[in-house]
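Protein sequences, first through last, are from chains A and B.
The UniProt record's numbering applies: residue 1 is where the first sequence begins, and numbers increase by one.
The UniProt record's numbering applies: residue 1 is where the second sequence begins, and numbers increase by one.
The next block holds one structure in the form of structure tokens; read it before the comments.
There are 2 protein chains.
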Amino acid sequence: MAPRIIVDAMGGDYAPREVVLGAIEVLRFLPGLQIILVGRREEVEKVLQSAGFAGDAIHVVDVPEVIGMEEHPVESIRSKEDSSLVAGLKMVAEGEGDAFVSAGNTGACLAASLRYLQRIRGVLRPAIAVTIPRGSPPLVLLDAGANADCRPEFLTQFAIMGKVYYRSRFGVKEPKIGLINIGEEETKGSSLYITAHGLLKESDLNFVGNVEGRDLFGFKADVVVADGFTGNVIIKTIEGTASMILSQLKEKFTRDLRSKLGSLALLPALREVKRSLDYQEYGGALLLGLNGVVIVGHGSSRAKAVRNSIKVAVEMVQEKTVEKIAKEMEREVR
Amino acid sequence: MAPRIIVDAMGGDYAPREVVLGAIEVLRFLPGLQIILVGRREEVEKVLQSAGFAGDAIHVVDVPEVIGMEEHPVESIRSKEDSSLVAGLKMVAEGEGDAFVSAGNTGACLAASLRYLQRIRGVLRPAIAVTIPRGSPPLVLLDAGANADCRPEFLTQFAIMGKVYYRSRFGVKEPKIGLINIGEEETKGSSLYITAHGLLKESDLNFVGNVEGRDLFGFKADVVVADGFTGNVIIKTIEGTASMILSQLKEKFTRDLRSKLGSLALLPALREVKRSLDYQEYGGALLLGLNGVVIVGHGSSRAKAVRNSIKVAVEMVQEKTVEKIAKEMEREVR
């Protein structure tokens with residue numbers, strides 16, 4: 001049966017327009033798909049009509065409420081049960097869809113997922129896994145922000161979930177697992193990381209040791225494990241550094257005529273580097289450790305990013321990533 | 001009296017050559033300075049001679065041992081008391097110099113400073129402060145790696161020390177203090193950061209709130225406070241991201257003839273951006289909270305970086321930064 005993907009039509013800075021367009025686009029690549037857009041019917045159908053969409057691959061489920069990007073996660077999911085985010089996740093929980101995709105409030109998405117989908121048996125904490133562009137194969141970092149306070153055992157579980165995800169998505173049987181740290185030696189880091197290093201070393205994972213921030217873009221590890229505080233700081237620091245450098249370059253390139261002429265020739269190269277850093281190509285963050293596939297795109301997702309998030313959701317459904325994580329966890333618990 | 005700067009002639013990947021050349025260079029800018037090069041006399045004097053240096057502004061103190069970049073900090077300073085690093089710091093402790101500059105092993109430098117210079121009264125933990133290039137005014141981040149495990153009160157003290165340092169170095173009376181975090185709201189972050197936020201808010205510092213990784217290069221804060229684990233991950237992630245992007249660009253710029261022609265025109269712009277990110281311009285990391293000025297340059301420091309580290313050391317001596325930190329701490333302790 002074709003996967004049925006529930007999409008939060010109201011999530012993100014450019015919803016519903018870009019979300020709906022992304023859903024339409026993805027059907028060109030995956031024609032068998034069923035997409036259920038959850039949101040304000042009138043607004044959603046307006047976009048479908050303006051795009052000239054007709055067909056039965058997209059259904060619309062009408063709900064009145066929207067959770068904003070800045071709303072408090074736990075409060076908003078309590079007070080807005082009729083929001084696209086909560087209603088959509090409930091549909092997955094009730095088996096009316098195979099995966100949930102949103103570009104909305106990450107915290108609310110996590111809170112609602114925990115409440116309605118619940119954790120996989122044995123999983124101590126779910127984690128947010130993000131794909132960091134660096135050429136091929138890409139890097140997966142987790143936890144990117146679900147758990148600001150971690151215990152060492154959480155980090156070991158992140159490694160196991162990251163392994164299963166990486167394997168499903170990039171076809172590497174035993175991905176190299178690294179631990180973010182401030183030095184290569186196993187005695188380096190905070191007490192959390194020293195203990196986590198020991199646990200990872202004893203595990204049967206393909207653990208390659210500590211990875212420093214400057215080595216993230218090397219290919220020492222495929223999956224890098226961090227606590228959610230550090231992981232979140234890392235992805236935002238990469239984002240900040242990249243946009244600072246690219247905007248500095250653009251400014252200097254367009255400053256004088258000589259540079260202007262040169263930049264005509266170089267624009268393709270600059271565009272290519274920009275694209276290689278483009279999170280939109282990478283399909284958003286996956287919430288790992290839940291009884292269901294949940295993908296949260298960047299708040300500023302455009303149609304392309306939404307399209308790619310849906311694609312990743314389909315892959316995760318087809319690869320049975322959730323079932324595989326459950327199996328690994330069972331093995332751990334035994 | 002002219003400041004007397006003790007320089008670890010054997011510290012860093014390009015020692016003694018680049019260190020000695022940096023010392024010679026700085027005398028062109030600060031002719032009144034006294035520099036004491038500590039290291040293997042024969043090797044050091046060979047460089048002085050080959051550079052044609054003659055004069056009494058540089059003295060050489062002969063010690064036989066060298067602490068390598070990869071040696072264990074505490075063990076190495078115990079077993080190698082006759083190393084340039086330990087002997088140099090001892091000289092500062094004994095009043096034979098006003099500041100210590102090294103491009104050697106940061107951990108060993110910290111351990112030896114704690115042992116011989118000791119902490120300023122009231123300082124719970126010394127911190128490593130680094131200057132991050134982002135245009136003017138630059139950003140100071142601390143702790144960049146001295147304390148992997150922190151308590152909230154450490155972070156408040158880092159903020160106070162950072163303030164005094166920033167004021168001394170960049171002339172801003174009440175620099176804006178930010179706390180690294182994973183969101184803007186004060187309820188965000190790990191328990192360490194939530195408590196630290198509360199302490200900073202209650203303090204009389206010019207606290208501007210949480211700063212996310214993507215905002216480091218904005219100008220929300222002048223001084224950003226972090227625990228040493230997170231701070232170290234940040235600076236290395238910036239380093240890794242920047243060199244990844246610049247090398248990608250360089251590769252693409254030189255790939256085909258059309259780009260090659262363009263890159264001739266753009267090389268100045270690329271060089272300028274590279275320079276703006278160059279830690280060598282910023283004079284290394286300052287160890288704050290000790291009874292003495294200690295500056296540790298990047299291990300890969302060349303003459304220019306050494307020269308700038310010495311310049312910063314002179315500034316800190318002249319501005320009496322250590323005395324000012326001691327005064328603030330007294331006020332805190334009362």
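The beta carbon of each residue, even a glycine, is placed where N, CA and C say it ideally should be.
Kindly indicate the opening and closing residues of the alpha helix (DSSP H) around Leu-179 of chain B.
Working through the second sequence from its first residue, we reach residue 179 of chain B at position 179. No alpha helix (DSSP H) holds Leu-179 of chain B; the beta strand (DSSP E) holding it covers 177-180.
For Asn-232 of chain A, which of helix, strand or coil comes out of DSSP?
Walking along the first sequence from the start, residue 232 of chain A turns up at place 232. Three-state result, Asn-232 of chain A: helix.
Would DSSP call Val-140 of chain B helix, strand or coil?
Reading the second sequence from its first residue, position 140 is the one you call residue 140 of chain B. DSSP places Val-140 of chain B in strand when its eight states are reduced to three.
State yes or no: is the beta carbon of Asp-215 of chain A nearer than 8 Å to at least one beta carbon in chain B?
Residue numbering aside, residue 215 of chain A sits at position 215 when the first sequence is read from its first letter. With 8 Å as the cut-off, Asp-215 of chain A counts as an interface residue toward chain B.
With burial defined as no fewer than 16 other Cβ atoms inside 10 Å of the residue's Cβ, what is the status of His-59 of chain B: buried or exposed?
On the second sequence, residue 59 of chain B is found 59 positions in, with the first residue counted as 1. The residue is exposed, with fewer than 16 neighbouring Cβ atoms inside 10 Å.
Would you mind working out which of A:Leu-141, A:Ala-129, A:Val-123, A:Val-233 sits nearest Glu-330 of chain A, comparing C-alpha positions?
Position 330 of the first sequence, counted from the first residue, corresponds to residue 330 of chain A. The shortest C-alpha separation from Glu-330 of chain A is found at A:Val-123.
Measuring only between beta-carbons, confirm whether Phe-229 of chain B sits less than 8 Å from chain A.
Locating residue 229 of chain B in the second sequence gives position 229, where the first residue counts as 1. Taking Cβ atoms only, chain A reaches closer than 8 Å to Phe-229 of chain B, which makes this a yes.
Taking only beta-carbon atoms, is Gln-318 of chain A less than 8 Å away from chain B?
Taking the first residue of the first sequence as position 1, residue 318 of chain A is located at position 318. Chain B, which has no Cβ nearer than 8 Å to the Cβ of Gln-318 of chain A, makes this no.
Compute the Euclidean distance between the alpha carbons of Gly-22 of chain A and Ile-310 of chain A, then round it to the nearest angstrom.
As a working mapping, residue 22 of chain A is identified with position 22 in the first sequence. As a working mapping, residue 310 of chain A is identified with position 310 in the first sequence. When rounded, the distance between both Cα atoms is 8 Å.
Determine which residues share a DSSP beta bridge with Phe-207 of chain A and list them.
Here residue 207 of chain A refers to the residue found at position 207 of the first sequence. Its beta-bridge partners are A:Ile-177.
So, do the stretch 4-19 of chain B and the stretch 307-326 of chain A have three or more beta carbon pairs nearer to each other than 8 Å?
Cβ pair count under 8 Å is below three, so no.
By the DSSP assignment, the beta strand (DSSP E) with Phe-217 of chain A in it spans what residues?
By one-based count along the first sequence, residue 217 of chain A stands at place 217. From DSSP, Phe-217 of chain A is part of no beta strand (DSSP E); its letter is neither H nor E.
From the DSSP output, read off the bridge partner residues of Phe-100 of chain B.
On the second sequence, residue 100 of chain B is found 100 positions in, with the first residue counted as 1. Phe-100 of chain B is bridged to B:Ile-6, B:Val-294.
Could you give the distance in angstroms between the alpha-carbon of Arg-302 of chain A and the alpha-carbon of Gln-318 of chain A?
Your numbering for residue 302 of chain A matches position 302 in the first sequence. Your numbering for residue 318 of chain A matches position 318 in the first sequence. Spanning the two alpha carbons is a distance of roughly 25 Å.
Between which two residues does the alpha helix (DSSP H) carrying Ile-67 of chain B extend?
The sequence position of residue 67 of chain B within the second sequence is 67, counting from 1. First-last for Ile-67 of chain B: undefined, no H or E at that position.
On the criterion of 16 or more Cβ atoms from any shown chain inside 10 Å, does Gly-218 of chain A qualify as buried, or is it exposed?
Residue 218 of chain A sits at position 218 when you count from the first residue of the first sequence. Classification of Gly-218 of chain A: exposed, given that the 10 Å Cβ count is below 16.
Could you confirm whether any beta carbon from chain A is found closer than 8 Å to the beta carbon of Ile-245 of chain B?
Here the question's residue 245 of chain B lines up with position 245 in the second sequence. At least one chain A Cβ lies under 8 Å of Ile-245 of chain B.
Between the Cα of Asp-215 of chain A and those of A:Ile-238, A:Asp-227, A:Leu-200, A:Tyr-193, spot the shortest distance and give me the residue it belongs to.
Here residue 215 of chain A refers to the residue found at position 215 of the first sequence. Considering only alpha carbons, the answer is A:Ile-238.
Tell me, which residues are paired with Gln-34 of chain A by DSSP?
As a first step, residue 34 of chain A must be located in the first sequence, where it is residue number 34. Looking at the DSSP assignment, Gln-34 of chain A forms a beta bridge with A:Arg-4.
Measuring only the C-alpha atoms, how far is Ile-160 of chain A from Lys-90 of chain A?
Within the first sequence, residue 160 of chain A is the residue found at index 160, counting from 1. Within the first sequence, residue 90 of chain A is the residue found at index 90, counting from 1. Distance between the alpha carbons of Ile-160 of chain A and Lys-90 of chain A: 27 Å.
Go ahead and label Gln-157 of chain A buried or exposed: buried means 16 or more other beta carbons lie within 10 angstroms of its beta carbon, across all protein chains shown.
Walking along the first sequence from the start, residue 157 of chain A turns up at place 157. Gln-157 of chain A comes out buried.
Between the stretch 101-109 of chain B and the stretch 71-81 of chain B, can you find at least three pairs of beta-carbon atoms closer than 8 Å?
With the cut-off at 8 Å, the stretch 71-81 of chain B and the stretch 101-109 of chain B touch.
For Leu-328 of chain B, I'd like the list of residues in its chain whose CB is within less than 7 Å of its CB, leaving aside the five on either flank, ordered along the chain.
Mapped onto the second sequence, residue 328 of chain B falls at position 328. The sequence given here places Glu at residue 328 of chain B; Leu does not occur at that position. Here the set comprises Ile-160, Val-164.
Please state whether DSSP places Val-61 of chain A in a helix, a strand or coil.
As a working mapping, residue 61 of chain A is identified with position 61 in the first sequence. Reduced to three states, the DSSP call for Val-61 of chain A is strand.
Report yes or no: do the stretch 146-155 of chain A and the stretch 183-202 of chain A share at least 3 C-beta pairs separated by less than 8 Å?
Contact between the stretch 146-155 of chain A and the stretch 183-202 of chain A is present, because at least three Cβ pairs lie under 8 Å.
Could you tell me the distance, in whole angstroms, from the CA atom of Ala-221 of chain B to the CA atom of Asp-98 of chain A?
Counted from its first residue, the second sequence places residue 221 of chain B at position 221. Counted from its first residue, the first sequence places residue 98 of chain A at position 98. Taking the straight line joining both Cα atoms gives about 44 Å.
Taking only the alpha-carbon atoms, compute the straight-line gap between Ile-245 of chain B and Glu-25 of chain A and give it to the nearest angstrom.
To locate residue 245 of chain B, count along the second sequence from 1; it is residue 245. To locate residue 25 of chain A, count along the first sequence from 1; it is residue 25. Rounded to the nearest angstrom, the two C-alpha atoms are 30 Å apart.
Please confirm if Arg-40 of chain A has its CB atom under 8 Å from at least one CB of chain B.
Position 40 of the first sequence, counted from the start, is the residue given in the question as residue 40 of chain A. No, no contact with chain B.
According to the neighbour-count rule (16 or more other Cβ atoms, all chains shown, within 10 Å of its Cβ), is Gly-121 of chain A buried or exposed?
As a position in the first sequence, residue 121 of chain A is number 121, starting the count at 1. What sits at residue 121 of chain A in the sequence shown is Arg, not Gly. Counting Cβ neighbours within 10 Å, Arg-121 of chain A comes out exposed, since fewer than 16 surround it.
Using a C-beta to C-beta distance shorter than 7 Å, which residues of chain B count as neighbours of Asn-232 of chain A?
Locating residue 232 of chain A in the first sequence gives position 232, counting from the first residue. Within 7 Å Cβ-Cβ: Ile-182.
Helix, strand or coil, according to DSSP, for Ala-285 of chain A in the structure here?
In the first sequence, the residue the question calls residue 285 of chain A occupies position 285. DSSP places Ala-285 of chain A in strand when its eight states are reduced to three.
Using a Cβ-Cβ cut-off of less than 7 Å, give me the residues of the stretch 149-166 of chain B that come near chain A, in sequence order.
Listed in sequence order: Asp-149.
In terms of alpha-carbon separation, which member of B:Val-306, B:Val-44, B:Val-101 lies closest to Val-294 of chain B?
Locating residue 294 of chain B in the second sequence gives position 294, where the first residue counts as 1. Of the candidates B:Val-306, B:Val-44, B:Val-101, the one whose C-alpha sits nearest the C-alpha of Val-294 of chain B is B:Val-101.
If I follow the unbroken alpha helix (DSSP H) through Ala-303 of chain B, where does it start and stop?
Here residue 303 of chain B corresponds to residue number 303 of the second sequence, with the count starting at 1. That run of the alpha helix (DSSP H) goes 303-318.
Check each candidate in B:Ala-242, B:Ala-144, B:Gly-104, B:Ile-325 and name the one with the smallest Cα separation from Arg-134 of chain A.
Here residue 134 of chain A refers to the residue found at position 134 when the first sequence is read from its first residue. It is B:Ala-242.
Buried or exposed, going by whether 16 or more other CB atoms sit within 10 Å of the CB of Ser-50 of chain B?
Walking along the second sequence from the start, residue 50 of chain B turns up at place 50. By the neighbour-count rule (16 or more Cβ atoms within 10 Å), Ser-50 of chain B is not buried but exposed.
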